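FYI, the numbering for the sequence shown is 1 to 1144, going by UniProt numbering. Take a look at the structure set out below.
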Amino acid sequence: MADTRRNQLKTFVEREFIGPDPIDWEGTKQENGEEILSADAPSTRYIAGILFPGMVSEDSESESLQEEMDIPEQPETAEIIDTATEELPQNSGTKAEYLEDAEELINRSNAYRQSAMSMTVGIMKDDNIRIYVSAGTYTKMSATDSRTGKKVYRYPRTAINWNNNEEAIKLPTVSDGIKQIKVGNTKLQMDITYRYKKGDFSIYTFTLENTNKGPDTFNDEQCFFQVKFRLESELGFSPLPDSQRVNVNDEDYQSNQLLYRNVRNYAIGHGCAADWEDSENGVHWIESAIFPSYEVKPIVPSVIEGVTLEMIKYGPEGNFQENIQELQLMCDRYENWIQELKSEKEKLDSRYTLTADRHISNCEKCLARMRNGIHILQTNEKVRIAFQYMNLAMLMQQLHYNLPLQRWEDDGHDGITLLNPVNKLPDPYDDSTWYDKEHKVYGKWRPFQLAFVLINLESMANRRSPERGIVDLIWFPTGGGKTEAYLGLSAYTIFIRKLLNRDDAGTAILMRYTLRLLTAQQYERASSMICACEQIRKSHTDLFGDNMISIGLWVGAATTPNKMKDAVKAYEDLYNKKSDENPFVILKCPWCGAQMGLVKLKNGDRRLPGYSKRVGKNRQKTFKFVCSNVSNNCDFSSEKNPLPLHVIDDDIYEVKPTLLLGTVDKFAMLPFRPEAQGLFGYYNGEKVTSPDLIIQDELHLISGPLGSMVGHYETLIHELCTQRTTDGELHPKIIASTATISRAKEQCHALYACGKDNVFQFPPAGLNAGNSFFAKEDRTQNGRLYVGILATGSSSDATTAIRLYSSLLYGAKELQVEKESDRDPYWTNIGYYNSIRELGQARTWIRADIDQHLDVIYKRRFYDKIYGKEEYRKKRRYIWRDEELTSRISGDKVTASLANLNIGYDDGEKPADGEYPIDICLATNMISVGLDVSRLGLMTVSGQPKTTSEYIQATSRVGRNAKNAPGIIFTLYRPGRPRDKSHYEHFKEYHSRLYCSVEPTSVTPFAAPVRERALHAIMIGIMRLENDSAYNDTRPAIPNQQMLDHVENILRNRIKNIDANELNAALDRMQWVIAHWEDYKPDCWAPKYNRDKSYANDVPLMYSAGSHKNGHWGKAGIETPTSMRSVDSSCEAELSSRYEAKEV
């Protein structure tokens, strides 16, 4: 049923854009069922699937359009591209003259207000091709409106259906040139062009053209609407030749050629897309598509026979031997699968053999590591205990994280009480206490998740393990459970570290993200896991010691307060009604689900449940999180047992949380924050401990300029995390995860200097896309349905977008459903934009243009019924609420918008909680990772995103509940942009190999721009954070030779490992920094501030990039990044002269 609703929505939009759309009221239908347009001329009513008269100039307008529009919109100029010659190789020798005419036909297919559409296909020798053409024409007729008596125009439709069934078509050869076939008694003509021969088949281009001519203006009767043609083959079409590269030493390219060898392209569209059905008997029909669609089936975790992997059974109360047997069975099943790969490999074409061998070898390495993990479980008691409690903690995390939000309300006595509280907190050993267990799955590992933990058991227990040098990359499609995998490993790391040293109190794990939206969301999820670990620790201090297990959120001041005094002030302003902005991120107790944050009472007073301000010694004010849910016995509801959560920098530096979660940008602040040295295990200048695990989520985002900067600062982070002993150096384990990446080995090496051979992608690929044993493509489930739109008949891109948004809004209202809540998946439209500039323009449409077009659709569909009848106003779709998710809105508003996205549609009336569901949410790439709202099923993408990775990530935000809310994505291509048009014309080919199309990324951490911007920051960071007060005094002493040699050695080794060509230039830059330091003898490390927050005159060694220098500094001071991203410089206006005004 859910899939039916999705198809209804697609059909509604097609009828709005292409037609025909016969409406069942008087005067809108002919006796034969064909429509009669009355409100609009055809070229106004429909904007896609039209063939205009040939040679129409780009500034010409329909005569009918000129009559009905006072101020016609000016179209954007379209660039003409020739995809035929770009996409297909040509015969050697002189190009046949007739091909010049063929190229003109292609140009007409690509022109603004096209007069032709074409498809290029491969046809076997002696094949019999049948051609089917369908279209519609409209005749202009005058009439009198029966209600108003005014003269109006009507446009009855005439259907055209033609085929060549009775006449065999002889396809042209190189000597024949172009074969022309008239389509019945119409002005349509089919042109068949021979391109070239390849083996047993030849390449042909079929072009359907409108032979009407209209040099300056045209009327709608010269146009053909709803144009479509179809080719059918008796022998089956041949796939088009692949543009394979020869002798390419690129492992990713070779792997994709193997994995997608059975996914072939059978047609290229020109001015349209192409569609076909690939069955076991081959492809026997290909047709043009104006609204091409393709369903990307989900890659789902595999179910392994006899393997359940229940967390509670793997916990401390489970049967350990039975668990070992189940894990061994999983390995046995994996080994059998690998043997099947070896048999399949023998049947492959020889060109795939080496790549297949590499894939199989990776699978065998993975199996060996899994079996080694099982062996360590059996032989190392501490590993077993840590593993068992990790399973218990992960089950507790799931149970508590999924508790519903319990809101506070005014109790009428100047206090608050919980609305619909959970009666009893979940007990992992009593499933009757598990919330909504009928609809949620608790306590079951997906095989790849537990397998990933297994392959890392040894390296986390043994700091000298060679596998610490391997960067393990979790590659799994979005929504597959990557987060649960590395959270499980994090819990195991925490417990094994405590078992190895009960007194450990340092930061064990660094978890980094690139976007604040994702960072805040993952902090909430990880907080439940940390609370579970802390509860276990408190119950087993004999095993895990007395030091609290905690989590810190280390981000910029725009998201959370960085200073305790700022946090206290923010709390007081919130409480005293001076502000409504909540900078504390945590809005729900991660343990019991009780609301935290601002609650307004009816008398105007405020309460801040979950937030606690205390006055300590010396009148020092502090802030902490203490759940207010005392009545429900939340385990973290007292001052003695606060929530182990920290979001304030001052607090984080003092506590040194077990798990530190932050944005990559925050690490740029290290040279300015020597107090952060404790996070890396430094105490009074001595290295006591260091983090054991570094997790980088969404690795694909660490690319380009951002990736280069992150890789540069990784020199500093790697050094700070390194512990040197008499037996050698100890390093942390690095884990990364992504759903979309190409050339991961090169990227990881450039970031982490690990060596390309020390990057392991998990789970390793098999021999076919969509089957890696741990994950398989499920063709029985609903996937995400992608729909492409290229409206060549529209007057502008803005008009197309406005009409699409209106159609989707109204289409959701028109769905045929059993109950109103069935509309919910498609009620909220996520509008995705490639830039804030484009989004800003769209924001202005919502309350004006889109709302106005909703009224146009409404009146068109219900004109005969609403004439004087107010009750039919309920049929109209209204825009009650719109939101924005971009970097330009504040952190607390981002959190609120995310919460609002969870408000579902019920019956169109105002819900009980007083909030409407969002109608339109406009967003940029902020949502491309991290947004996980199961009710969302609809997205509009405006323009092809810059990368395929971004396209996959962004569109994966919808349709995450495939059973009840299968996703549909409308991608709006712009005719004037060649890249958009190319993706449209290759729609099916592109979407059928989506993951294969992910572009490789570039990371150059020591290139000149990065060196000049940040090499000095790395030097200063090493000096300040690795040492005691000698390098943290107010006045920065010039480093001695021993320190300079130490820094140079670190840089030299790192750069030689990653890019030796940059070494000499980097050493020169280092000498320049030291010379600058010696010449200007700075007064302080970083600027001091006056009371008005301007820079003081004290000369600093470094100052924030983009800030305005104090003129007293002269040329002293080195501009230093406070973020990994580019920052625009600020400027100040200065009054140079004063003039007296003269009387006139």
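Idealized CB from N, CA, C, for every residue including glycine. Being a predicted model, the structure only gives us computed values, none of them experimental.
At least 8 Å separates the beta-carbon of Leu730 from that of Thr740. Secondary structure note for Phe452: it is in no beta strand (DSSP E), and the uninterrupted alpha helix (DSSP H) holding it is 447-455.
An exposed status is given to Tyr683, since fewer than 16 other beta-carbon atoms sit within 10 Å of its beta-carbon.
Around the beta carbon of Asp855, fewer than 16 other beta carbons sit within 10 angstroms, so the residue counts as exposed. DSSP places Gln8 in the helix class (H, G or I) of the three-state scheme. Between Ala491 and Ala393, the gap from beta carbon to beta carbon is short of 8 Å.
Each of Tyr155, Phe495, His1076, Asn768 was checked against the Cα of Glu344, and the nearest Cα belongs to Asn768. Straight across, the Cα-Cα distance linking Asn632 with Gly593 is about 11 Å. Nearest to Gly545 by C-alpha distance, out of Tyr990, Ile494, Gly616, Pro590, is Ile494.
Around the Cβ of Val630, a 10 Å sphere holds fewer than 16 other Cβ atoms; the residue is exposed.
Trp827 is not bridged by DSSP to any residue. Scanning the region 760-807 from its first residue to its last, the whole beta strand (DSSP E) runs of 3-plus residues come out as 775-777, 784-790.
Per DSSP, reduced to three states, the secondary structure at Lys424 is coil, with no helix or strand assignment. Between Leu938 and Ala801, the CB-CB gap reaches or exceeds 8 Å. Taken in chain order, the whole beta strand (DSSP E) runs of length 3 or more contained in the region 1011-1098 number zero.
If you draw a straight line from the Cα of His983 to the Cα of Tyr810, it comes to about 27 Å.
Its chain contains Ser897 as the residues whose beta carbon lies nearer than 8 Å to that of Ile889, once the 5 sequence neighbours on both sides are disregarded; these appear in chain order. With a 10 Å radius around the Cβ and a threshold of 16 neighbouring Cβ atoms, Ile1038 comes out exposed.
Just measuring C-alpha positions, the residue of Asp665, Pro763, Thr507 sitting nearest Tyr713 is Asp665.
Contact between Phe387 and Leu377 holds: their C-beta atoms lie close to 6 Å from each other, under 8 Å.
Taking a cut-off of 8 Å for Cβ pairs, the region 426-442 and the region 614-627 do not touch, as fewer than three such pairs fall below it.
Here the C-alpha atom of Ser772 lies approximately 13 Å from the C-alpha atom of Ser255. The beta-carbon distance between Gln449 and Glu484, rounded to whole angstroms, is 5 Å. This is short enough to meet the 8 Å contact definition. Between His400 and Pro609, the C-beta spacing is not below 8 Å. The residue from His1046, Arg1011, His1016 with its alpha-carbon nearest to that of Asn1027 is His1046.
Considering only Cys223, Lys179, Asp127, Gly891, the residue with the shortest C-alpha distance to Thr186 is Cys223. Going by C-alpha positions, Cys363 is about 19 Å away from Arg468. Uninterrupted beta strand (DSSP E) stretches at least 3 residues long and entirely within the region 666-720 occur at 693-696, given in chain order. The C-beta separation of Tyr266 from Phe237 comes to about 5 Å, placing the pair in contact by the 8 Å criterion. For Tyr984, the enclosing alpha helix (DSSP H) covers residues 978-985. Per the C-alpha coordinates, the member of Asn336, Ala750, Asp332, Pro477 positioned closest to Ser949 is Pro477.
Take the alpha-carbon of Arg384 and the one of Tyr314: they are about 10 Å apart. Contact annotation: the region 2-11 touches the region 961-977, with at least three C-beta pairs closer than 8 Å. When DSSP assignments are scanned along the region 515-584, the uninterrupted stretches of alpha helix (DSSP H) that are 4 or more residues long and fall wholly within it turn out to be 516-539, 541-544, 564-575. Shown here, Phe476 sits in coil according to DSSP, grouped into three states, outside any helix or strand. DSSP places Lys621 inside the beta strand (DSSP E), whose first and last residues are 621-626.
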